[in-house]
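Undergrad:
Residue numbers (the working numbering), protein chains in the order written: chain A, 100 to 339; chain B, 180 to 319.
#1: Please state whether the Cβ-Cβ distance between residue 253 of chain B and residue 260 of chain B is less than 7 angstroms.
#2: When the Cα atoms are used, what is the spatial distance from residue 282 of chain A to residue 288 of chain A?
#3: What is the rounded straight-line gap between the Cα of residue 182 of chain B and the Cα of residue 306 of chain B?
#4: Judging by CA-CA distance, which residue of A:326, A:118 and A:213 is the nearest neighbour of residue 165 of chain A?
#5: Closer than 7 angstroms by beta-carbon distance: list the chain B residues that pair up with residue 108 of chain A, in chain order.
#6: Can you give me the Cβ contacts of residue 292 of chain B inside the same chain, cut-off strictly under 6 angstroms, excluding the 5 residues immediately before and after it?
#7: Residues in the stretch 180 to 195 of chain B with C-beta within 8 angstroms of chain A's C-beta atoms, listed in sequence order?
#8: Within the 7 angstroms Cβ cut-off, does residue 248 of chain B reach chain A?
#9: Could you tell me the distance, in whole angstroms, from the CA atom of residue 311 of chain B to the CA atom of residue 206 of chain B?
#10: Indicate whether residue 322 of chain A and residue 194 of chain A have their beta-carbon atoms separated by less than 7 angstroms.
#11: How should residue 204 of chain B be labelled, buried or exposed, when 16 other C-beta atoms within 10 angstroms of its C-beta is the threshold for buried?
#12: Going along the chain, which residues of its own chain have a beta-carbon closer than 7 angstroms to the beta-carbon of residue 256 of chain A, five neighbours each way excluded?
#13: Would DSSP call residue 210 of chain A helix, strand or coil?
#14: Beta-carbon separation of residue 209 of chain A and residue 240 of chain A under 7 angstroms?
#15: Going by DSSP, which residues form a beta bridge with residue 180 of chain A?
#16: If the criterion is Cβ atoms closer than 7 angstroms, does the pair residue 297 of chain B and residue 250 of chain B meet it?
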């Protein structure tokens, strides 16, 4: 018995390890929606939101984020997508073209809101990037700066000082650069980032990108274009 | 040597749990997301996190399971298993040093679970080396 006991112990440990791994890989994707509250009406609390900045369709429950939120797409769109993102986060950079593609494909059926969720101190330039986007937003060009920051993420995230880079982007999209420089460090901009972060925390956001669709969190593994398209299609069918 | 093997088996179980957790996170896509707490997403979504299509964490789990098996067998008198422990742990230690170097100087982000694994491997090697080359003569 003593000769075979170690093999029994080893087999038991192997069984436990494989069993727990199998159980957890099966159960993990099924639960991410738990952090979000119940879906809210697509039109509740919305005002005209087709512009650069507009009052946001609140989608998920939780404390309000910065108002007016950065939203594009019609307020009465059946699908409201709220993204918590960090401009320095590589997966957010990968999700950015996916979202653009979905907006092009689904047109006025979706409304998109972006929320700042800079991961400090994990990403050293995340706060500066969020400030740059918010400062651009004060001049009505949030989405232009948002696009540049994501499209060129790889070129600035390794830089020691990103301020001149972002200032160049501000100039490129036609901002009043003096005003932009004043605004990046302003209380208003910092307060907007803080408010979005507060909303994220209240919804249980722990990482980026975190995406809510009509108030329910979309599991991270469903964010690639093929899966995300299906999620939107299902949501549209459910709304019919 | 019994205490050395028992300690090694228990420590390797800790390492196995750590590596399994990372493997599951990898397979479910959770570690690919950027998070508030650590640079794990940067480390675990880097190109170094996958070797020949296998998650490195999974290979680590297999290595810890091997150490656990060898320590258990050695505890029950299988001498060859005890002899194999040192080279296996030495290889794991070298890989750990390489991975810590990658985190510090290439990826420039640290993942606490990876550091914990490196600490476990170092402790295991230290215990086995001390047991084998320092304590053994006295305990035999």
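Heads up, the beta-carbon is just placed ideally off N, CA and C, and yes, glycines get one too.
TA: In terms of the structure at hand:
#1: Yes; because the gap between Cβ atoms is below 7 angstroms, this pair is in contact.
#2: Approximately 7 angstroms between the Cα atoms of the pair.
#3: Cα-Cα distance, rounded: 10 angstroms.
#4: The shortest CA-to-CA distance from residue 165 of chain A to any of A:326, A:118 and A:213 is the one to A:213.
#5: Counting only Cβ-Cβ distances below 7 angstroms, residue 108 of chain A has contacts in chain B at 251, in chain order.
#6: Sequence-distant partners of residue 292 of chain B (beyond 5 residues in either direction) whose C-beta falls short of 6 angstroms from its own C-beta, in its chain, are 197 and 201.
#7: Cβ contacts with chain A: 192 and 195.
#8: Closer than 7 angstroms to some Cβ of chain A, the Cβ of residue 248 of chain B qualifies, so yes.
#9: The C-alpha of residue 206 of chain B is placed about 38 angstroms away from the C-alpha of residue 311 of chain B.
#10: Taking a C-beta distance under 7 angstroms as the contact criterion, residue 322 of chain A and residue 194 of chain A qualify as a contact pair.
#11: Label assigned to residue 204 of chain B: buried.
#12: Excluding residues within five positions, the ones whose Cβ falls inside 7 angstroms are 187 and 224.
#13: If DSSP states are grouped into helix, strand and coil, residue 210 of chain A belongs with the strands.
#14: Not in contact: residue 209 of chain A and residue 240 of chain A (Cβ atoms no closer than 7 angstroms).
#15: Residue pairing from DSSP places residue 180 of chain A in a beta bridge opposite A:211 and A:312.
#16: A distance of 7 angstroms or more separates the beta carbons of residue 297 of chain B and residue 250 of chain B.
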